[in-house]
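The numbering of the sequence shown is our numbering, which starts it at 1453 and goes up by one.
Yeah, the Cβ is synthetic: ideal placement off N, Cα and C, and Gly gets one too.
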Amino acid sequence: MQATEKYTGVKPVSSERQSWAFGDFFALWTSLGIGLAVLQTGALLGPGLGLAQSIMMIVVGTVIGSALIATVGWFSQRHGLSSMALMQQTLGLKGAYIPACMNFIQLIGWGAFEIVLMRNAAIQLIEQWWPGSTWLTIPLVWTLLLGVLATWQAIKGPLSWVRVFLRRVGIWIVITGCAGLTYYWFSHYSLAHFWQQAGDHSMPKALGLDIVISMAVSWLPLVGDYSRFGKSSGHTFHGTALGYLVGTVWIMALGVAYQVVLPAGSSSTQLMLSLGVAFSGLPLLMVLFDETENAFAPIHSSAVSASIVVRWPISYLAMLFGVISTIVAWCVPTAAYLDFLLWIGSVFTPLFALLMVDYFSSKQLRSPGKLQVCAALVAWFLGVVTYHVMTSYYPDWGATLPTLVVSAVVYGLLRWLVSCLGYGIKQHS
């Protein structure tokens, strides 16, 4: 692999670095879409919705989410900018510090959660293969080992890792693992039987849809950090959309399928145990092998976001945040995962609605005036409020789509009003 890559989170990457093709993006987003966290998200839907309705919500939600991710990736590729750097068009240079700070804080938690998932899965496989092992099942050992591995990948950067390893080797390993889990389920259970079983209605369909879309929304603050390396907007958009769609639908559907065959009230630990039974745990090991991508991405992107606020080299920041994520992984509350997903959705769903309004209105990156920044902040705040009101009081209606509409409409109206008053004309940055 190449030496540690040098670029910033603020300035556009050079055209020489924009070398990723469709296959690179497809491999990356299939890999990122397939993960233990995504699998467990699918398992959350199973008890309340049942297999058939869960898969319906997964497909619909992932199609919507893929479109959102690919669209933001398209923006980033056209300008060579990271996701948070794009926010300068909407919130201004200083205003973009707000989402950048929120982003690297939540990404530390996301990276820590991924380390915890990998640690627990590794310990489970060790206990299954070598019962009675002592030091090999010490959580601290695996936390440190996996934290160091993810941090090293984040320091090296995505360019060489994706093109040298992931596209040639890694993607095939994780696809083989998913294929093994799929074959095992169909060879041991009846699809027709479980397809006809309804859920217990403890989760509204709209809430299930929101949870699926929230998985995609959680990637919006990261997608530009990788899409900016695309050689063309077409390669970037289609590779990102198709890769995320294939990976997420597949692994999330597996999460539902393995959950519905368990007794009612089964925990995530029991889910992982059932996955470990398939072919003596080899498919689960393959998925676990690929899971380091899902820990590397938030750690690297937290460094990219922080570099907008603190102008340190990304490699130094990646090392710092990798250490912090590893420490947090030692005490992360995994029971709060659902609330964590909804929090991410409430903050970043309206924010990227504003970005899309700006981009499709102007097509060019320009610096907003003060009143336009104020308009964006007001619309962002109302979007966050809308999200929480909908999830708390109207869960049957869903929250993500209403939030996108409210944020975009409010911002569009305020943006038009400011422009009519003569204060919203943008100057070239």
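So the candidates are Trp1587, Ala1537, Thr1603 and Ala1519; which of them puts its Cα closest to the Cα of Tyr1549? Ala1537
Determine the extent of the alpha helix (DSSP H) in which Gln1529 is found, giving its start and end residues. Leu1488 to His1531
Three-state class that DSSP yields for Trp1582 in the structure shown: coil
Cβ-based burial, Ile1627 [other Cβ within 10 Å; buried from 16]: buried
Counting C-beta neighbours from all protein chains within 10 Å, is the total for Thr1483 16 or more, i.e. buried, or is it exposed? The sequence given here places Ser at residue 1483; Thr does not occur at that position. Counting Cβ neighbours within 10 Å, Ser1483 comes out buried, since at least 16 surround it.
Just to check my reading of the structure: Thr1692 and Val1675 have Cβ atoms closer than 8 Å, yes? What is that Cβ distance to the nearest angstrom? 7 Å
Considering Val1841, what are the terminal residues of the alpha helix (DSSP H) in which it resides? Lys1822 to Tyr1845
Helix, strand or coil at Gly1682 according to DSSP, with G and I counted as helix: strand
Would you mind reading off the limits of the alpha helix (DSSP H) that contains Trp1594? Pro1591 to Lys1608
Does the distance from the CB of Leu1736 to the CB of Leu1723 come in under 8 Å? no
Which same chain residues, not among the five before or five after Ala1650, have their C-beta less than 7 Å away from its C-beta? Gly1502
Assign Trp1782 to one of three DSSP states: helix, strand, or coil. coil
To the nearest angstrom, how far is the alpha carbon of Gln1648 from that of Ala1504? 7 Å
Please say whether Phe1477 and His1687 have beta carbons closer to each other than 8 Å? yes
Bridge partners - Ala1650, DSSP secondary structure assignment: Gly1502
Under three-state DSSP, which class holds Trp1562? helix
Is it buried or exposed for Asp1810, if we count other Cβ within 10 angstroms and need 16 for buried? buried
Quick check on the burial criterion: 16 or more other C-beta atoms within 10 angstroms. Buried or exposed for His1653? exposed
What does the alpha-carbon distance come out to for the pair Ser1471 and Lys1683? 5 Å
Would Phe1748 pass as a contact of Ala1606 if the rule is Cβ separation under 8 Å? yes
Beta-carbon proximity list for Pro1854, same chain, < 7 Å, skipping 5 on both sides: Thr1838 and Met1842
Decide if Asp1848 is buried, meaning its Cβ has at least 16 other Cβ atoms within 10 Å, or exposed. exposed
Does the count of Cβ pairs from the stretch 1607-1616 and the stretch 1582-1595 closer than 8 Å reach three? no
Considering only residues of the same chain and omitting the five flanking positions on each side of Gln1492, which have a CB-CB separation below 8 Å? Leu1569, Gly1707, Ser1720, Leu1723 and Tyr1789
Could you tell me whether the stretch 1745-1764 touches the stretch 1529-1544, using the rule of 3 or more Cβ pairs below 8 Å? yes
The alpha helix (DSSP H) with Glu1743 in it runs from where to where? Leu1734 to Val1761
Inspect the CB distances between the stretch 1515-1523 and the stretch 1693-1702 and report whether three or more fall short of 8 Å. yes
If you check the beta carbons only, do Leu1520 and Leu1697 fall under 8 Å apart? no
Using the three-state DSSP reduction, which class does Trp1624 fall into: helix, strand or coil? helix
Hey, which unbroken runs of the alpha helix (DSSP H) at 4 residues or more fall wholly within the stretch 1533-1560? 1535-1538 and 1540-1547
Could you pull out every residue in the same chain whose Cβ sits closer than 8 Å to the Cβ of Ile1625, ignoring the five residues on either side in sequence? Met1738, Phe1741 and Asp1742
With 16 other CB atoms within 10 Å as the buried threshold, where does Cys1872 fall? exposed
At what residues does the alpha helix (DSSP H) containing Pro1854 begin and finish? Thr1852 to Cys1872
Take the Cβ of Arg1680 as the centre, count every other Cβ of all protein chains shown within 10 Å, and call the residue buried at 16 or more, exposed below. buried
Between His1880 and Pro1464, what straight-line distance do the alpha-carbon atoms span, to the nearest angstrom? For His1880, the pLDDT reaches just 43, beneath the cut-off of 50, and the residue's location in the model is therefore unreliable, leaving the point undetermined.
To the nearest angstrom, report how far apart Ser1859 and Ile1578 are at their CA atoms. 48 Å
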